[in-house]
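Protein sequence lines, in the order shown, are assigned to chains G and X.
Numbering-wise (this note's numbering), the first sequence opens with residue 11 and increments by one.
Numbering-wise (this note's numbering), the second sequence opens with residue 11 and increments by one.
Right, one structure below, let's go through it.
Protein chains: 2
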Amino acid sequence: MPRPRAKTFIFPTPLDASNAFYEAFEARDIEAMMSVWAEDEEIVCVHPGGLRLVGYSAVRAGWSELFSGDVRSRLRLHLSEAVLVQTISMAVQSVTEHVVLENETESRGSVETTNIFMHTPAGWRMLAHHASPSREPSPAPSIPPARLH
Amino acid sequence: MPRPRAKTFIFPTPLDASNAFYEAFEARDIEAMMSVWAEDEEIVCVHPGGLRLVGYSAVRAGWSELFSGDVRSRLRLHLSEAVLVQTISMAVQSVTEHVVLENETESRGSVETTNIFMHTPAGWRMLAHHASPSREPSPAPSIPPARLH
Numbered sequence: 011m012p013r014p015r016a017k018t019f020i021f022p023t024p025l026d027a028s029n030a031f032y033e034a035f036e037a038r039d040i041e042a043m044m045s046v047w048a049e050d051e052e053i054v055c056v057h058p059g060g061l062r063l064v065g066y067s068a069v070r071a072g073w074s075e076l077f078s079g080d081v082r083s084r085l086r087l088h089l090s091e092a093v094l095v096q097t098i099s100m101a102v103q104s105v106t107e108h109v110v111l112e113n114e115t116e117s118r119g120s121v122e123t124t125n126i127f128m129h130t131p132a133g134w135r136m137l138a139h140h141a142s143p144s145r146e147p148s149p150a151p152s153i154p155p156a157r158l159h
Numbered sequence: 011m012p013r014p015r016a017k018t019f020i021f022p023t024p025l026d027a028s029n030a031f032y033e034a035f036e037a038r039d040i041e042a043m044m045s046v047w048a049e050d051e052e053i054v055c056v057h058p059g060g061l062r063l064v065g066y067s068a069v070r071a072g073w074s075e076l077f078s079g080d081v082r083s084r085l086r087l088h089l090s091e092a093v094l095v096q097t098i099s100m101a102v103q104s105v106t107e108h109v110v111l112e113n114e115t116e117s118r119g120s121v122e123t124t125n126i127f128m129h130t131p132a133g134w135r136m137l138a139h140h141a142s143p144s145r146e147p148s149p150a151p152s153i154p155p156a157r158l159h
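Set out below in structure tokens:
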């Protein structure tokens, strides 16, 4: 059975790929989400509940399930405390995600996240995403921080 | 105040650095642990409880605190489900750690871990370590798996 293929986008920098990742997450758009990931059997996604998924098909299925859940209120992720280390072939972004419900200003909790991007012939793609709950929920900034670039 | 400096070791591959990391962890040896890390203000360590530490001093203090705690039984970490992606300048290791107490065979729980290594003039060093509890504890293999190489 042919594997469902994501739309083709080219992300010229790791932060372009990161921004696309968060936009796809907030929009709950599975095609846009998977356009960010490398089409590779070694991609890894660890969700905040501790579920670890390895390989394109499993990672896609995980996001599909997440996005198909009942939605009473859209989620927004405000990012803070970002660290980015980039080499010619790979980049690591460490960031705290503050989960905010649409039409609210207070954070419902925060998540520590490590995003790893790899330079491929098709631009920068996500190789791994590891997200886990922060030790303590932190309030969202009263003014949402600007995106990372 | 001069920063305490780790002993100098050269790790010729990412897996050498990874093995040294786990040996230092099991031995609760702060100097050996810090010899694995890059001496950089952008290193990041997320512990399973959700504490995120950024920078050499904070990462060192975190491990020092962990290693100085009361110890009734030594911990062993058995690794499984390892994925390694390596480029010329950076490497990502995703692995499940099964926590086993010395003199026991059953796992007390498991942790999903992302380790990131960077190639430096002093060999491969750890740039980031992100560990968080697995969704469900998995039993340790009855025969501990061999180290990763």
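Glycine residues also receive a C-beta, built at the ideal position from the N, C-alpha and C atoms.
In the structure shown, P143(G) falls within a strand segment according to DSSP collapsed to helix, strand and coil. Residues of the same chain with a CB within less than 8 Å of the CB of R118(X), apart from the 5 flanking positions on each side, are V109, V110, L111 and P147 in chain order. Under the 8 Å criterion on CB atoms, V93(G) is classed as interfacial with respect to chain X. Distance from the CA atom of H57(G) to the CA atom of M43(G), rounded to whole angstroms, is 14 Å. With the criterion set as a beta carbon lying under 7 Å from some beta carbon of chain X, the members of the region 57–80 of chain G are G59, G60, L61, R62 and V64, in sequence order. Among the CB atoms of chain X, none fall inside 8 Å of the CB of R135(G).
Listed in chain order, the non-local C-beta contacts of E36(G) below 8 Å within the same chain comprise R84, L85, R86 and L87, local neighbours out to five positions each way being set aside. Counting C-beta atoms within 10 angstroms of its own C-beta, V121(G) has 16 or more neighbours from the protein chains shown and is therefore classed as buried. A buried status is given to E107(X), since no fewer than 16 other beta-carbon atoms sit within 10 Å of its beta-carbon. Restricting attention to beta strand (DSSP E) runs no shorter than 3 residues, the region 43–75 of chain G encloses them at 54–56 and 62–64, ordered along the chain. 8 Å or more divides the Cβ of V54(G) from the Cβ of V54(X). For W134(X), the CB contacts under 8 Å within the same chain, skipping 5 residues up- and downstream, are F21, P22, T23, P24, D26, A27, A101, F127 and M128 in chain order. Here G59(X) is not near R38(G), since their CB atoms are 8 Å or more apart. Exposed is the label assigned to V81(G), since fewer than 16 other Cβ atoms lie within 10 Å of its Cβ. About 14 Å separates the beta carbons of W47(X) and Y32(X), which is beyond the 8 Å limit, so they are not a contact pair. Of all residues in the region 34–59 of chain X, only E52, V54, V56 and G59 come within less than 7 Å of chain G when Cβ atoms are compared, listed by chain position. Taking every protein chain shown into account, the CB of A132(X) has fewer than 16 other CB atoms within 10 angstroms, so this residue is exposed. Remark: C-beta atoms of H140(X) and H140(G) approach each other more closely than 8 Å.
Approximately 5 Å separates the beta-carbon atoms of T124(X) and S104(X); this is inside 8 Å, confirming the contact. For S144(G), a Cβ of chain X is located within less than 8 Å of the residue's own Cβ.
DSSP places F19(X) outside both helix and strand once states are collapsed to three, so it counts as coil. At least one C-beta of chain G is nearer than 8 Å to the C-beta of A138(X). Within the region 97–109 of chain G, contact with chain X at the beta-carbon level (separation under 9 Å) is assigned to T97, I98, S99, M100, A101, V102, S104 and T106. Counting along the chain, N125(G) sits inside the beta strand (DSSP E) bounded by residues G119 to T130. Not a single CB atom of chain G sits nearer than 8 Å to the CB of E116(X). Judged by DSSP in its simplified three-state form, E91(G) adopts strand. For T23(X), none of the residues of chain G pass the 9 Å Cβ criterion, the least Cβ distance being about 16 Å.
Around V64(X), the same chain offers V54 as residues with beta carbons nearer than 6 Å, after the five sequence neighbours per side are excluded. Around the Cβ of S78(X), a 10 Å sphere holds fewer than 16 other Cβ atoms; the residue is exposed.
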